[in-house]
Amino acid sequence: MGRFTRESFIIRDNDVLRDDYQPETLEERDAELDEYAAALRPVIQGWQPNNVFLYGVTGVGKTAATHDLLKELQESADQYDDVDVNIIELNCTGCNTSYQVAVNLVNEIREPNHPLTNVSSSRMPISETGYQQKRVFRELYADLEDIGGTVLVVLDEIDNIGSDDDILYELPRARSQLDLDVKLGVIGISNDFKFRDNLSPKVKDTLCEEEILFPPYDAGELQNILRERAEIALYDDVLEDDVIPLCAAFSARDSGSARQALRLLRKAVDIAESEARAGGDAFVTEEHVREGEFQIQRQQVVEGMHSLTQHGQHVLLTVCQLAARGETPERTKAIYRRYQKVARKNGQEPLKRRRVHDHLSDLNLHGVLQLVDSSGGRGNYNEYDLDVSLSSALDALESEFGNLEGIRELAKKNGTLD
């Protein structure tokens with residue numbers, strides 16, 4: 001069989017298993033959708049919109065729920081002559097300040113082909129540098145007023161701005177403070193639970209009129225989501241009974257993310273499809289799921305290591321050694337002591353403790369390590385543990401450090417090799 005034939009033994013429509021697929025209905029989120037719709041209901045009455053703040057981990061339906069409800073809201077508003085609803089959406093990835101968010105909103109509105117804007121074509125996009133923040137905000141308010149009617153500004157992944165939350169204070173107050181001829185509402189979406197807690201009190205009072213938590217999916221909910229997708233994406237009778245429960249269990253144990261569960265199912269299906277094309281059975285088994293999980297975690301470590309210096313790799317090797325001994329999660333202080341020995345053994349002068357802490361933070365950011373909040377007799381402190389399997393981490397490290405069989409044997413002895 002050629003490499004690029006259309007013959008498929010297991011997969012009917014692979015797109016259905018992708019992150020960006022939009023099902024007709026959002027599964028397992030009825031309660032959150034009802035609460036969200038209630039928060040948006042003043043819009044259809046022609047009243048001032050509520051400001052809404054959504055939060056929850058990645059992959060639990062916040063953005064999908066927003067798209068579904070705003071589409072339904074606009075369709076309903078079209079039935080009324082006295083309601084004009086306009087939506088401006090911005091993903092704040094890459095925006096580290098309120099200034100950058102405001103600039104990107106202005107430029108989003110001034111896009112020549114933007115379907116929702118009535119802004120004069122003579123207004124040109126503005127540069128991300130060279131303006132005072134007050135000037136950018138004035139430009140934004142003028143554009144919003146030109147759009148008119150009811151404008152809902154959706155700021156997805158707004159936690160990227162960190163503590164610089166001026167935009168979240170200024171936008172909700174703009175209509176009352178500046179007497180703008182527009183009904184303005186803000187919808188903020190955050191993947192970071194701590195972001196809401198760290199907002200300044202004045203922002204909480206304005207932005208968080210309506211707060212909606214999207215909790216992680218549990219294993220049962222994830223199974224239902226996966227089954228609905230699999231019925232469309234795969235041919236009949238190609239899944240072993242344990243495949244979907246195992247995919248759901250892996251994700252529920254980790255993050256409760258539907259995105260993660262779908263990615264694992266897709267990887268398992270791809271492995272089984274490749275075997276079927278080579279003459280194997282057209283059937284997805286539990287072993288395919290476990291191999292898929294291993295490959296995903298190994299790739300996660302490899303991608304995380306690409307950004308690491310040699311000392312960063314030594315830090316990861318240190319945590320692997322501690323994990324093999326059953327000593328994780330462990331505090332930064334203990335990790336640093338062992339790291340010093342690892343660095344010297346590999347011919348490197350150890351870094352200062354602060355720099356090791358930075359490397360631990362980088363590994364946490366890339367999903368290789370997890371940060372565990374703990375407490376003891378002396379108060380709260382942080383501990384680190386692997387966020388991937390020890391086997392996948394060692395596999396990735398062996399490309400840099402050679403054979404690490406000694407650590408594997410130690411882990412087997414201690415029952416810590418997964």
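Take the sequence shown: its letter number 336 is residue 336 in full-length UniProt numbering, and every next letter is one higher. Every residue gets a Cβ at the ideal spot worked out from N, C-alpha and C, and that includes glycine. These numbers were taken from a predicted model, which means no experiment stands behind them.
Residues near residue i by beta carbon distance below 8 Å, same chain, minus five either side
{"i": "residue 178", "result": "141"}
{"i": "residue 355", "result": "311"}
{"i": "residue 6", "result": "none"}
{"i": "residue 180", "result": "141, 144, 145 and 174"}
{"i": "residue 326", "result": "414, 415 and 416"}
{"i": "residue 245", "result": "219 and 223"}
{"i": "residue 206", "result": "51, 168, 169, 172 and 173"}
{"i": "residue 80", "result": "44 and 46"}
Cβ-based neighbour list, residue i, same chain, cut-off 6 Å, excluding 5 preceding and 5 following
{"i": "residue 285", "result": "240"}
{"i": "residue 120", "result": "Note that residue 120 scores a pLDDT of 47, beneath 50, so its modelled location is shaky; the value from the coordinates is reported in the next line. Cβ neighbours of residue 120 beyond the five flanking positions: none."}
{"i": "residue 399", "result": "none"}
{"i": "residue 123", "result": "110"}
{"i": "residue 89", "result": "154"}
{"i": "residue 13", "result": "233"}
{"i": "residue 221", "result": "28"}
{"i": "residue 125", "result": "107 and 110"}
{"i": "residue 195", "result": "159"}
Candidates the options: closest to residue i by CA position
{"i": "residue 321", "options": "382, 280, 390 and 274", "result": "390"}
{"i": "residue 186", "options": "253, 208, 262 and 200", "result": "208"}
{"i": "residue 342", "options": "366, 314, 362 and 330", "result": "314"}
{"i": "residue 25", "options": "67, 57 and 53", "result": "67"}
{"i": "residue 48", "options": "165, 302 and 148", "result": "148"}
{"i": "residue 159", "options": "153, 61, 168 and 152", "result": "168"}
{"i": "residue 165", "options": "361, 95 and 245", "result": "95"}
{"i": "residue 227", "options": "9, 3 and 28", "result": "28"}
{"i": "residue 283", "options": "292, 273 and 291", "result": "273"}
{"i": "residue 358", "options": "309, 392, 329 and 399", "result": "309"}
{"i": "residue 366", "options": "306, 188 and 180", "result": "306"}
{"i": "residue 216", "options": "252, 236 and 4", "result": "252"}
{"i": "residue 353", "options": "156, 331 and 369", "result": "331"}
{"i": "residue 234", "options": "218, 219 and 270", "result": "270"}
{"i": "residue 77", "options": "41, 361 and 59", "result": "41"}
{"i": "residue 132", "options": "60, 98 and 52", "result": "98"}
{"i": "residue 85", "options": "188, 45 and 15", "result": "45"}
{"i": "residue 329", "options": "298, 349, 369 and 295", "result": "369"}
{"i": "residue 182", "options": "278, 382 and 87", "result": "87"}
Unbroken alpha helix (DSSP H) run spanning residue i, endpoints
{"i": "residue 220", "result": "219-233"}
{"i": "residue 176", "result": "166-178"}
{"i": "residue 339", "result": "332-345"}
{"i": "residue 147", "result": "133-147"}
{"i": "residue 80", "result": "No alpha helix (DSSP H) contains residue 80, which DSSP labels as neither H nor E."}
{"i": "residue 205", "result": "201-207"}
{"i": "residue 127", "result": "Element bounds for residue 127: n/a, residue is neither H nor E."}
{"i": "residue 198", "result": "193-198"}
{"i": "residue 392", "result": "390-401"}
{"i": "residue 405", "result": "405-414"}
{"i": "residue 12", "result": "First-last for residue 12: undefined, no H or E at that position."}
{"i": "residue 161", "result": "Element bounds for residue 161: n/a, residue is neither H nor E."}
{"i": "residue 100", "result": "98-109"}
{"i": "residue 360", "result": "353-365"}
{"i": "residue 368", "result": "Counting along the chain, residue 368 falls outside any alpha helix (DSSP H), and DSSP gives it neither H nor E."}
{"i": "residue 41", "result": "30-44"}
Distance between beta carbons of residue j and residue i, contact taken as under 8 Å
{"i": "residue 265", "j": "residue 17", "result": "6 Å"}
{"i": "residue 416", "j": "residue 324", "result": "6 Å"}
{"i": "residue 255", "j": "residue 57", "result": "6 Å"}
{"i": "residue 317", "j": "residue 401", "result": "6 Å"}
{"i": "residue 50", "j": "residue 231", "result": "The pair is not a contact, with the Cβ atoms about 37 Å apart (cut-off 8 Å)."}
{"i": "residue 151", "j": "residue 184", "result": "5 Å"}
{"i": "residue 292", "j": "residue 363", "result": "With 8 Å as the limit, residue 292 and residue 363 do not qualify as a contact, their Cβ atoms being about 23 Å apart."}
{"i": "residue 10", "j": "residue 268", "result": "Going by Cβ atoms, the distance from residue 10 to residue 268 rounds to 10 Å, so no, they are not a contact pair."}
{"i": "residue 301", "j": "residue 411", "result": "16 Å between Cβ atoms; not a contact."}
{"i": "residue 384", "j": "residue 371", "result": "6 Å"}
{"i": "residue 198", "j": "residue 157", "result": "In fact, because the Cβ distance is near 15 Å, the residues do not count as touching under 8 Å."}
Beta strand (DSSP E) segment containing residue i, residue limits
{"i": "residue 91", "result": "85-91"}
{"i": "residue 156", "result": "150-156"}
{"i": "residue 482", "result": "Residue 482 lies beyond the residue range present for the chain, which begins at 1 and ends at 418; the question has no answer from this structure."}
{"i": "residue 52", "result": "52-55"}
{"i": "residue 213", "result": "210-213"}
{"i": "residue 188", "result": "183-190"}
Proximity test, Cβ basis, 8 Å: residue i and chain C
{"i": "residue 69", "result": "Absent from the structure is chain C; it holds one protein chain and no more."}
Same chain only: Cβ atoms within 7 Å of residue i, ignoring 5 sequence neighbours per side
{"i": "residue 128", "result": "100 and 103"}
{"i": "residue 346", "result": "314"}
{"i": "residue 65", "result": "26, 29, 32, 33 and 36"}
{"i": "residue 93", "result": "157 and 160"}
{"i": "residue 336", "result": "353 and 356"}
So within the stretch 241-317, which uninterrupted alpha helix (DSSP H) runs reach at least 4 residues, ignoring any that extend past its ends?
Every alpha helix (DSSP H) stretch that sits fully inside the stretch 241-317 and reaches 4 residues is listed by chain position as 243-254, 258-277 and 286-306.
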